[in-house]
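Participant:
Residue numbers (this note's numbering): 23 to 204.
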């Protein structure tokens with residue numbers, strides 16, 4: 023009579039564990055790609071929402087806001103958010119500290135980049151960016167860096183963003199421009 027072995031050999035267990043590990047890594051890579059695409063979709067929707075708020079600002083005041091400068095993009099973004107939410111410092115490049123009388127915000131919250139939901143002045147990480155032309159207050163630009171080759175990159179505003187020839191709105195940057203002239 024032969025003795026029956028019950029259970030798995032060590033080799034069989036190692037093979038099963040290896041296959042499970044391989045499948046898990048493939049799923050994680052696919053999941054990260056889906057997450058990056060979702061963040062890019064949110065970035066595009068956020069910039070469109072901000073653009074709508076800027077158009078409402080323009081309808082009310084006959085111009086787009088010109089917020090105070092900062093040594094970093096993040097610092098400038100914070101000043102831009104303050105302007106859109108409170109109506110303070112929306113007048114000039116230097117930021118004159120004045121507020122718009124009777125200002126009503128078009129947004130209850132100005133969105134931030136999903137990878138940097140709380141930017142600070144000295145932060146050099148991912149953030150949305152805004153700019154205005156030195157020409158006048160009848161134009162603006164918004165941009166965000168995308169993580170994937172999102173289809174929206176085919177229909178955004180490409181070219182320069184800050185100075186002639188810088189190519190700062192070329193892919194992978196998604197840009198919204200209105201009457202832009204540098």
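A virtual CB, placed ideally from N, CA and C, is assigned to each residue, including glycine.
1) In the DSSP assignment, the beta strand (DSSP E) including residue 200 goes from what residue to what residue?
2) So what's residue 164 in DSSP terms, helix, strand or just coil?
3) What residues match up with residue 151 in a beta bridge as DSSP calls it?
4) Using the DSSP secondary-structure output, state which residues sit across from residue 48 in a beta bridge.
5) Can you tell me whether residue 61 is buried or exposed, with buried defined as 16 or more other CB within 10 angstroms of its CB?
6) Does the Cβ-Cβ distance between residue 132 and residue 121 come in under 7 Å?
7) Across the stretch 93-108 and the stretch 25-41, are there enough close Cβ pairs to call them in contact, namely three or more that are closer than 8 Å?
8) Relative to the C-alpha of residue 171, which residue among 59, 159, 161, 49 is closest?
9) CA-CA distance, residue 65 and residue 166?
10) Measure the alpha-carbon distance for residue 102 versus residue 193 and round it to whole angstroms.
11) Determine the direct distance from the alpha carbon of residue 196 to that of residue 85, and round the result to whole angstroms.
12) Under a Cβ-count criterion, where at least 16 other Cβ atoms within 10 Å of its own Cβ denotes burial, should residue 30 be classed as buried or exposed?
Facilitator: This is what the structure gives:
1) The residue you call residue 200 lines up with position 178 of the chain shown. Taken as a continuous stretch (DSSP letters only), the beta strand (DSSP E) holding residue 200 covers 195-200.
2) The residue labelled residue 164 in the question sits at position 142 within the chain shown. DSSP places residue 164 in strand when its eight states are reduced to three.
3) Taking the first residue of the chain shown as position 1, residue 151 is located at position 129. Its beta-bridge partners are 165.
4) In the chain shown, counting from the first residue as 1, residue 48 sits at position 26. DSSP output for residue 48 lists no bridge partner at all.
5) Taking the first residue of the chain shown as position 1, residue 61 is located at position 39. By the Cβ neighbour-count rule, residue 61 is buried, with 16 or more other Cβ atoms within 10 Å of its own.
6) Position 110 of the chain shown, counted from the first residue, corresponds to residue 132. Position 99 of the chain shown, counted from the first residue, corresponds to residue 121. If you check the CB distance, residue 132 and residue 121 do not come in under 7 Å.
7) no
8) Your numbering for residue 171 matches position 149 in the chain shown. Of 59, 159, 161, 49, the residue nearest in Cα terms is 59.
9) For the purposes of this step, residue 65 is taken as residue 43 along the chain shown, with counting starting at 1. For the purposes of this step, residue 166 is taken as residue 144 along the chain shown, with counting starting at 1. Each residue's alpha carbon lies about 7 Å from the other.
10) Here residue 102 is taken as the residue at index 80 of the chain shown, counted from 1. Here residue 193 is taken as the residue at index 171 of the chain shown, counted from 1. Approximately 24 Å, taken between the alpha carbons.
11) As a working note, residue 85 is residue 63 in the chain shown. As a working note, residue 196 is residue 174 in the chain shown. The alpha-carbon atoms of residue 85 and residue 196 are separated by roughly 23 Å.
12) Position 8 of the chain shown, counting from 1, holds the residue named residue 30. Exposed.
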